[in-house]
Each structure stands twice: as C-alpha cells, then as structure tokens.
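Participant: So the sequence lines, in the order shown, correspond to chains R and C.
Here the first sequence is numbered in the working numbering, starting from 19 and rising by one per residue.
Here the second sequence is numbered in the working numbering, starting from -13 and rising by one per residue.
Glycine is no exception: its CB is placed at the ideal position from the N, C-alpha and C atoms.
This structure is a prediction, so every number in the text was calculated from the model and none was measured.
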Amino acid sequence: DSGVTQTPKHLITATGQRVTLRCSPRSGDLSVYWYQQSLDQGLQFLIQYYNGEERAKGNILERFSAQQFPDLHSELNLSSLELGDSALYFCASSATEGWYEQYFGPGTRLTVT
Amino acid sequence: GIQVEQSPPDLILQEGANSTLRCNFSDSVNNLQWFHQNPWGQLINLFYIPSGTKQNGRLSATTVATERYSLLYISSSQTTDSGVYFCAVEAGSQGNLIFGKGTKLSVKP
Chain R
19 DSGVTQTPKH LITATGQRVT LRCSPRSGDL SVYWYQQSLD QGLQFLIQYY NGEERAKGNI
79 LERFSAQQFP DLHSELNLSS LELGDSALYF CASSATEGWY EQYFGPGTRL TVT
Chain C
-13 GIQVEQSPPD LILQEGANST LRCNFSDSVN NLQWFHQNPW GQLINLFYIP SGTKQNGRLS
47 ATTVATERYS LLYISSSQTT DSGVYFCAVE AGSQGNLIFG KGTKLSVKP
C-alpha cells in the first residue's frame, strides 16, 4: 500500500457527461501528479500541483481541469466526456516539488459508453 | 516533439537470468525516470536518473545523457519482476513528462 488513495475505483458514465476523480496524497506529501493510461495513448502525464499551485503541465486536454485544495487532496475534473477518454487515471504524490520518489495510487478506471 | 523509444518491446526470461532494457531519446532532456507496472496495474517509481548510475538491490540504471540513452539492468530476475517497465523523460519548459511504450517482461519460474 503506497498510502495514496483514489476514489472511486471504477466509474462508468456516458458521453457528454462530467466526472470528478479524487486523490488523497500520502501524509505530508505536497506534490500531486495526475496520469492517464489508455490502450491508444499509453501512459501520459497530465498535470502536477505542488502545495496548491500548478507546477508542471503535460498533455492535459482543455476539457480536463485539476486543482489541489488546502488540505492537499486533489481533484481531476473531466467534462464533455468522449469514448476516447476511457482510461485508467493514476494519481501520485511526492514530498518534493520535483519528480523524485513519486508514490502511486491504485488508479481510477473510467469507462465512457 | 521528443521521441522516447524502448527496447525490446517484449522479453521473456527464466528466473535467475539477467536482462538489460534500453531507452533511447531523441533530444536533450532535463531528467529521466524508470517505472515498473506490475501485472495487477500498480505503478512504482524505480529510479530518477538524469545522468550517471544508480543501484537499488538487484536493479541498477545508467543514463548517458550525451548519447541520449538509458539502460535498466535487472540481475537474478524473479517472478515478481514481471510487468511493464517504462522509461520517461522530462522535456520542454512546462516540465512535460514523456513516456516510452514500455518493455513487457515476463519471468518464468
């Protein structure tokens, strides 16, 4: 157990809908990272927050947004969902601002029908 | 954009064998990392290695940034080493992390 929790574990929704994925980092970790893993695109980095501020940005679509709250949990919002958004979404956390020692959560599997 | 290529795509080993996984990248990078995803989907960050060599138990990694490649060595492989190994590089001003397609390793008992 990495200490990073993600909810929900599974999510099934329809095209056009909006969903929110939640991540709670390990106790004391200030950084949260979001990743998407799909059969088509492979593993992709989406975005990183450090202590509430956006720190690094990857291939995150404009329909997606994220934030990190004062208690350091993070939410990834996906809107106007398309079939191609079906994927496993991972969250990771780290005590550092950089890329070292990331601990991954178990992921949220999103299925868009 | 930067290209990250991993080889081989698939590797089957007998338990106890050694192996070398390779990651080539097409441009200068700020850092390089290796990850392992086990057969149940759990991801683990193995190494942060922008240059030089690091060792962690039976695993070690070497990055030669000037020649744009990194190697991951697995010695005395065990069945628990099975899974997919990903290499990722940081490129660009926004700190985007670009992943390779991975090497799928199967270690047979």
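In the structure shown, what three-state DSSP assignment does R:ASP103 receive?
Facilitator: In this structure, R:ASP103 counts as helix in the three-state DSSP scheme.
Participant: At 8 Å on the CB atoms, spell out the chain C contacts of R:GLY102, in chain order.
Facilitator: Correct list: empty, because the minimum Cβ distance to chain C is about 18 Å.
Participant: Near C:SER56, what residues of its chain come up, given a Cβ to Cβ distance below 7 Å and the 5 sequence neighbours on each side ignored?
Facilitator: The answer, listed in chain order, is CYS9, LEU18, ILE35, ALA47, THR48, THR49 and CYS73.
Participant: Buried or exposed: C:GLY2, going by 16 or more other Cβ atoms within 10 Å of its Cβ?
Facilitator: exposed
Participant: Going along the chain, which residues of the region 33 to 67 of chain C sit with their C-beta nearer than 9 Å to a C-beta in chain R?
Facilitator: TYR34
Participant: Could you tell me how far apart the beta carbons of C:VAL(-10) and C:GLY86 are, in whole angstroms, since I believe they sit closer than 8 Å?
Facilitator: Between C:GLY86 and C:VAL(-10) the Cβ distance is about 4 Å, and since that is below 8 Å, they are a contact.
Participant: I want to verify the contact list: residues of chain R whose CB lies under 7 Å from the CB of C:GLU76, in sequence order.
Facilitator: TRP117
Participant: Quick check on this structure: which residue in R:ASP89, R:LEU57, R:SER56 and R:THR38 has the alpha carbon closest to the alpha carbon of R:SER49?
Facilitator: R:ASP89
Participant: According to the neighbour-count rule (16 or more other Cβ atoms, all chains shown, within 10 Å of its Cβ), is C:HIS22 buried or exposed?
Facilitator: buried
Participant: Does the count of Cβ pairs from the region 52 to 65 of chain R and the region 92 to 106 of chain R closer than 8 Å reach three?
Facilitator: Contact between the region 52 to 65 of chain R and the region 92 to 106 of chain R is present, with at least three C-beta pairs closer than 8 Å.
Participant: Is it the case that the Cβ atoms of C:LEU45 and C:LEU58 are separated by a distance below 8 Å?
Facilitator: yes
Participant: Within 10 Å of its beta-carbon, does C:GLY43 have 16 or more other beta-carbons around it, so buried, or fewer, so exposed?
Facilitator: An exposed status is given to C:GLY43, since fewer than 16 other beta-carbon atoms sit within 10 Å of its beta-carbon.
Participant: Would you give the residue range spanned by the beta strand (DSSP E) that C:TRP20 belongs to?
Facilitator: 17 to 23
Participant: Please tell me whether C:GLY27 has its Cβ less than 8 Å away from any Cβ of chain R.
Facilitator: yes
Participant: Closer than 7 Å, Cβ to any Cβ of chain C: which residues of the region 47 to 61 of chain R, in chain order?
Facilitator: GLY60 and LEU61
Participant: What distance in whole Å lies between the Cβ atoms of R:TYR107 and R:GLY131, which are believed to be in contact at a cut-off of 8 Å?
Facilitator: Here the sequence assigns Thr to residue 131 of chain R, which means Gly is not the residue at that position. Rounded, the Cβ-Cβ distance is 17 Å, inconsistent with contact.
Participant: Compute the Euclidean distance between the alpha carbons of R:GLN86 and R:GLY70, then round it to the nearest angstrom.
Facilitator: 5 Å
Participant: Expressed to the nearest angstrom, what Euclidean distance is found between the alpha-carbon atoms of R:THR25 and C:SER14?
Facilitator: 37 Å
Participant: Beta-carbon of R:LEU106 versus every beta-carbon of chain C: anything under 8 Å?
Facilitator: Interface residue, yes.
Participant: Can you find the residues in the same chain that come closer than 7 Å, C-beta to C-beta, to R:ILE30, ignoring five residues on each side of it along the sequence?
Facilitator: Counting only Cβ-Cβ distances below 7 Å, and skipping sequence neighbours, we find THR129 and THR131.
Participant: Could you tell me which chain C residues have their CB closer than 7 Å to the CB of R:PRO43, listed as they occur along the chain?
Facilitator: Within chain C, no residue comes near R:PRO43; the closest Cβ sits about 14 Å away, beyond 7 Å.
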